[in-house]
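Heads up, the thing below is written out as structure tokens.
There are 2 protein chains.
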Amino acid sequence: MVKQNYAIIGLGRFGGSICQTLIAGGAEVLVIDKDEARVNDYKNIATQAIIADAQDENTLRSLGIRNFDHVVIAIGEDIQASILVTLMVKELGVKYITAKAQNEYHARVLTKLGANKVVHPERDMGIRIGRNLLSKNMLDYLDLSPEIKVAEIKITQNFLIGKSLMELDFRKNFALNVIAVRRNKKIEISPAPSEALNLNDSLLVVGLKKDVEHFSQLMDR
Amino acid sequence: MVKQNYAIIGLGRFGGSICQTLIAGGAEVLVIDKDEARVNDYKNIATQAIIADAQDENTLRSLGIRNFDHVVIAIGEDIQASILVTLMVKELGVKYITAKAQNEYHARVLTKLGANKVVHPERDMGIRIGRNLLSKNMLDYLDLSPEIKVAEIKITQNFLIGKSLMELDFRKNFALNVIAVRRNKKIEISPAPSEALNLNDSLLVVGLKKDVEHFSQLMDR
Ligand SMILES: Nc1ncnc2c1ncn2[C@@H]1O[C@H](COP(=O)(O)OP(=O)(O)OP(=O)(O)O)[C@@H](O)[C@H]1O
Ligand SMILES: Nc1ncnc2c1ncn2[C@@H]1O[C@H](COP(=O)(O)OP(=O)(O)OP(=O)(O)O)[C@@H](O)[C@H]1O
Ligand SMILES: [Ca+2]
Ligand SMILES: [Ca+2]
Ligand SMILES: [Ca+2]
Ligand SMILES: [Ca+2]
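Line order of the protein sequences matches chains A and B. Residue 1 is where the first sequence starts when you use full-length UniProt numbering, and the numbers rise one by one after that. Residue 1 is where the second sequence starts when you use full-length UniProt numbering, and the numbers rise one by one after that.
Laid out in structure tokens, this is it:
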């Protein structure tokens, strides 16, 4: 497998975290920020760390940006810079561009200019935390599609306690598939049908979003 | 069920997104920001929107902060304000405080002062996006524990194509459980064992993190 190489423009908390994740995964990472202090924080982490204003096309050219497989544009507040840099990086011929957007309009501009993936880290994490706050027994979740959700839900209701998964027949009674059970900190994947539930066990379930939410609401009673 | 009420201090993208999610979930939400423009953006969304510096204890008292079930402190750059407001909200007796941290040290201070949940939205989303970039065939994932992962992985390798799930025996051969198959945009939960795989189907699998990652790397070849 050829080692993938990445460039990250903007070392805020988001860009910095991507850099650390990519380095931990064994990738080569060039980072660019106009702020010297930020670049210093990453000079021993990144493969190469450059102080520069990415809005300068000559800088991007001389760094050979077009030879990178992936470029992440993680500039935040300065929407104008984010847009201009996305335009230039695209025109230089980079194949895969991920860009951070501040809002929906910004996202649409980035997409039109050729960003392959536009991300909204604060918004998406706000949705996640907000949903966790709404349901105190839904511990975490993954939206697989607009209709399907995987979620971990804590068992709180007496009518489930002491019954086996077979007796409870989640598929029939709640239209959910139970994938795993977490008891204390241990997780059991593909639990036995004879497994009886305890109070505060949590179940990893998959199902239609409405059915997952319905069961989660039942546990919040 | 009693309607839960929430207060959010700080209407950046993160705090604003939490507000919208909670309102969509039917909750009552008070928002506070010292920036008038931000408060105006939310005055038709939130239940109540107040322009104020949350570092002023009298303001927090007169808003009756202690009567809220949950307070979210979503102040970013101004670490000092975030710390001071967390301290005051805790001393006023709020039961559940979620606070946003800028870095690990900040997080430790917030926890010591009594924040019940400390979140790092940019860092966590950076990890997520970084991992997605590392593996182009791992579409999304959920870490259930340090050892266990749920992930959606695209099928790319010829040796799997046209074979049924039963023949491939993921449990035996890859130590993974297949929870669902996505073909085109349709997702099939609990796919039949006779289901044959197509190129570009993706599988939702659960297993030990190392086994999920091993399979994902196999698909990245
Ligand atoms: N033209 C530019 N060239 C290089 N770096 C830039 C440019 N504009 C902004 N940056 C850098 O991008 C980084 C992220 O920008 P900013 O802090 O505005 O984003 P943010 O969304 O608040 O970040 P985060 O939420 O990830 O912490 C900063 O370190 C900033 O110095
Ligand atoms: N003392 C305070 N009282 C009220 N609001 C405050 C206070 N300090 C900061 N804020 C508000 O908190 C909000 C978030 O702060 P800031 O923009 O620094 O965070 P951020 O982490 O960059 O936000 P995000 O990444 O979510 O967009 C801002 O709207 C700011 O006006
Ligand atoms: Ca910033
Ligand atoms: Ca929760
Ligand atoms: Ca900000
Ligand atoms: Ca931010």
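Note that beta-carbon positions come from the ideal geometry of N, C-alpha and C, so glycine has one too.
A99(B) is bridged by DSSP to I73(B), V118(B).
For the segment 74-85 of chain B, there are no residues whose beta carbon sits under 7 Å from a beta carbon of chain A. Beta-bridge analysis with DSSP links S164(B) to A196(B). C-alpha of E195(A) to C-alpha of D201(A): approximately 11 Å in a straight line.
With respect to chain B, the C-beta atom of H214(A) has no partner C-beta closer than 8 Å. For the pair V205(B) and P191(A), the Cα-to-Cα distance works out to about 15 Å. Taken through DSSP and simplified to helix, strand or coil, S190(A) comes out as coil. DSSP, read as helix, strand or coil, puts V39(B) in helix. Checking the 7 Å criterion, the Cβ of G16(B) is out of range of every heavy atom belonging to ligand 6. Non-local C-beta neighbours of I79(A) in its own chain, meaning closer than 8 Å and more than five positions away in sequence, comprise Q102, H106, ordered along the chain. Of all residues in the segment 17-30 of chain B, only S17, I18, T21, L22, G25, A27 come within less than 7 Å of chain A when Cβ atoms are compared, listed by chain position. For the pair D33(A) and G10(A), the CB atoms are nearer than the 8 Å cut-off. R61(A) sits exposed, since fewer than 16 C-beta atoms from the chains shown fall within 10 Å of its C-beta. L134(A) sits away from G162(B), with the two beta carbons spaced by 8 Å or more.
Sequence-distant Cβ neighbours of V212(A) in its own chain, meaning closer than 7 Å and more than five residues away, are K149, A151, L176, V205.
Annotation: the continuous beta strand (DSSP E) that includes N177(A) extends over 176-183.
With a cut-off of 7 Å, the C-beta of R13(B) is classified as near ligand 2, since at least one heavy atom of the ligand falls inside that distance.
Assigned with DSSP and collapsed to three states, K90(B) falls in helix. With contact defined as three or more Cβ pairs closer than 8 Å, the segment 67-78 of chain A and the segment 39-53 of chain A are not in contact.
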